[in-house]
Amino acid sequence: MSDPQVPAGDEVTTPWWDATRERRLLVQECGACATRQHPPRAVCTRCGDLGHLGWVTASGRGTVDAFTVVHRAPLPELATPYVVARVRLAEGPLLLTNIVTENPGTVTAASPVRLDWRALPDGRALPVFRLLQED
Amino acid sequence: MTTSVAVVGAAESDLGVTSTSVLGLQVQAVIRALADAGLSLSDVDGLATNGISRFSTTQLAEYLGLQPTWSDSTFVGGCAPQMYVARAVQAIEAGQASTVVISFASNQRSARSRSLGAVVETTMPEAQFETPYAPLYPISYYAMAAQQYLDRYGATREQLAEVAVAAREWALLNPKAFRYGSGPLGVDDVLTAPMVSTPLTTADCCLVTDGGGAVVLTSLDRARDLRRPPVRVLGYGECLTNTSMTAMDDLTLTGAEASSRAAFKRAGLGPSDVDVAEVYDSFTITVLLTLEAVGFCGRGEAASWVQGGRIRPGGAFPLDTSGGGLSYCHPGQFGVLLLVEAVRQLRGECGDRQVPGAEVALAHGTGGILSAHGTVLLGADR
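Just so you know, the protein sequences line up as chains V and U, in that order. Here the first sequence is numbered in our numbering, starting from 8 and rising by one per residue. Here the second sequence is numbered in our numbering, starting from 15 and rising by one per residue.
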């Protein structure tokens with residue numbers, strides 16, 4: 008795939024993106040009620056807390072929650088097919104991501120996956136996932 | 015409960031490939047709906063629309079030479095007109111407006127303005143956390159929901175395809191339908207159409223056409239003196255759930271449950287009272303999820319429930335009788351045309367596709383990626 012255009016982070020998401028430079032996947036956690044949420048935001052959606060939002064580093068383990076194999080790309084420079092999926096992190100939240108595989112037809116609901124990274128030209132990286140069965 | 019407001023006019027703009035501007039299509043829809051009601055522009059003091067420009071209602075009001083004392087541009091995708099009905103009822107009952115026009119039009123096919131990719135503002139979280147993974151928007155979300163539905167309930171793509179097959183059967187009875195002359199669609203045709211985002215092929219996806227429509231609302235008392243039989247607004251409800259692709263824990267459960275429950279409660283009716291259902295069929299899966307959420311059948315049952323001709327012409331559950339977004343017209347937002355068809359069915363104007371004796375109609379709109387839901391229940395004034 009060609010490099011996607013990813014906007015710069017804002018005051019809330021910049022720490023998340025900075026961690027990707029070190030290939031660490033962060034999950035936002037509320038220190039007041041222990042809720043974890045993604046994407047990161049300026050408020051805890053469970054308790055409304057503004058002042059105790061912090062981060063935990065994800066283990067990189069997860070399972071496919073939902074997936075689709077895209078056969079018609081939204082941009083001409085994208086090679087098809089590719090897999091768009093929701094991955095349920097071991098830490099709880101869902102991420103939208105790609106499953107990187109040569110065999111899109113082998114992805115199933117509940118497939119176990121592990122974290123990998125797609126480097127961006129500016130040093131950040133996109134968290135993507137690979138099928139454990141292909142390791 | 016219920017309401018004291020009625021729909022007194024309904025019309026389509028030109029449909030299909032029109033080579034007409036958005037405002038030109040809007041004017042067609044509005045003027046035709048007013049003519050249908052026996053009213054004129056000078057009667058209109060309320061206006062609701064979107065999709066024209068940044069200031070859609072202001073723009074359309076000026077273009078029509080109106081200075082409305084009530085307006086609404088709630089912008090939530092394809093169910094906005096259902097929500098406009100709710101707001102219009104409230105405005106008319108509160109005395110803020112007496113005659114409301116709800117309209118929508120798009121020239122997306124002529125203008126080639128539809129893209130497969132995301133239409134996400136770069137300052138929104140989805141631009142950082144979703145768009146980089148290149149999901150088709152909105153198709154890939156519905157595709158993930160469809161796959162989750164098929165896996166969870168052991169349903170098949172063949173069963174899902176029945177929604178598109180039945181829509182085509184209805185379209186063959188509607189001379190205004192984009193696929194009117196296209197002949198029947200078979201299950202195999204749906205399955206072997208080009209794959210877009212698994213498990214959805216092009217035939218599981220709605221059309222991309224120009225088109226639009228408008229409805230006119232006023233008080234029931236006044237409606238009874240106008241030229242058309244009034245169609246009563248019996249109930250309405252709405253629910254917003256998500257903008258991102260990860261907010262909903264379960265992709266098979268939607269806000270249609272809350273929106274329809276509110277509409278039925280207001281109307282004092284239940285799913286079994288509905289004679290004809292106009293359900294937004296952006297994709298085949300949208301219909302199955304909505305049928306279950308509204309309560310026409312149980313959870314996980316819709317795939318088998320729609321089989322056997324139940325939702326085809328002559329079946330026990332007339333659904334999307336215009337041919338729907340799948341085979342009739344899909345101008346980007348289909349909600350207003352769901353209302354137009356429901357009104358016509360309740361007036362008995364639908365010719366070959368008329369549902370005999372229809373007295374209660376449900377028009378359910380869906381916007382975005384199963385993001386927004388609006389239900390309207392309409393009834394004949396008998």
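Even glycine gets a Cβ: it sits at the ideal position worked out from N, Cα and C.
- Collapsing the DSSP output to three states places Pro119(V) in a strand.
- Listed in chain order, the beta strand (DSSP E) runs fully inside the segment 284–320 of chain U are 290–293, counting runs of at least 3 residues.
- Under the 10 Å beta carbon count, Asp366(U) is surrounded by fewer than 16 other beta carbons and is classified as exposed.
- Two segments are said to touch when three or more pairs of C-beta atoms, one from each, lie closer than 8 Å; by this definition the segment 302–321 of chain U does not touch the segment 232–247 of chain U.
- In the displayed model, Met209(U) falls within a strand according to three-state DSSP.
- When Cβ pairs closer than 8 Å are counted between the two stretches, the segment 53–63 of chain V is seen to touch the segment 15–33 of chain V, the count reaching three or more.
- Looking at the backbone, the Cα of Ser274(U) and that of Pro198(U) are separated by about 32 Å.
- Ile45(U): member of the alpha helix (DSSP H) spanning 36–51, first to last residue.
- A Cβ-Cβ distance of about 7 Å is found for the pair Trp124(V) and Leu133(V), placing them in contact under the 8 Å criterion.
- In the DSSP assignment, Val63(V) forms a beta bridge with Val34(V).
- Secondary-structure assignment with DSSP links Val357(U) through no beta bridge to anything.
- Per DSSP, reduced to three states, the secondary structure at Phe278(U) is helical.
- Under a criterion of Cβ atoms nearer than 8 Å, no residue of chain U is adjacent to Arg137(V); the nearest Cβ is some 14 Å distant.
- In the structure shown, Leu133(V) falls within a strand segment according to DSSP collapsed to helix, strand and coil.
- Nearest to Ser54(U) by alpha-carbon distance, out of Pro285(U), Ala43(U), Thr63(U), is Ala43(U).
- In this chain, Glu252(U) is not harboured by any alpha helix (DSSP H); it is covered by the beta strand (DSSP E) spanning 245–254.
- When Ala20(U), Glu271(U), Gly388(U), Ala217(U) are compared, the shortest CA-CA separation from Gly91(U) is found for Gly388(U).
- Listed by position along chain V, the residues whose Cβ is nearer than 9 Å to that of Ala141(U) are Gln12, Val13, Pro14.
- Boundaries cannot be given for Glu144(U), as no alpha helix (DSSP H) includes it and DSSP labels it neither H nor E.
- One thing to note: Val34(V) has its Cβ no nearer than 8 Å to the Cβ of Arg48(V).
- Ala191(U) is classed as buried because its beta carbon has at least 16 other beta carbons within 10 Å across all chains shown.
- Beta-bridge partners assigned by DSSP to His78(V): none are found.
- Listed in chain order, the beta strand (DSSP E) runs fully inside the segment 74–161 of chain U are 84–86, 114–120, counting runs of at least 3 residues.
- Using a Cβ-Cβ distance cut-off of 8 Å, the segment 344–353 of chain U and the segment 118–126 of chain U are in contact, since at least three pairs of beta carbons, one from each stretch, lie closer than that value.
- Leu74(U) and Gln40(U) do touch by the CB rule: their CB atoms are close to 6 Å apart, below 8 Å.
- Under DSSP, the beta-bridge partners assigned to Cys219(U) are Phe297(U).
- Selection Gly328(U), Val179(U), Ala372(U) evaluated against Asp287(U) yields Ala372(U) as nearest (Cα-Cα).
- Taking 8 Å as the threshold, the shortest C-beta distance from His78(V) to chain U falls below it.
- The three-state secondary structure of Asp235(U), taken from DSSP, is helix.
- When C-beta distances to chain V are compared with 7 Å, the residues of the segment 196–214 of chain U below that value are Met209, Val210, Ser211, Thr212, in chain order.
- Shortest Cα-Cα distance from Asp264(U) to any of Ala24(U), Ser56(U), Asn64(U), Gln162(U) involves Gln162(U).
- The contact set of Gly131(U) on chain V, defined by CB atoms closer than 8 Å, consists of Pro81, Leu82 in chain order.
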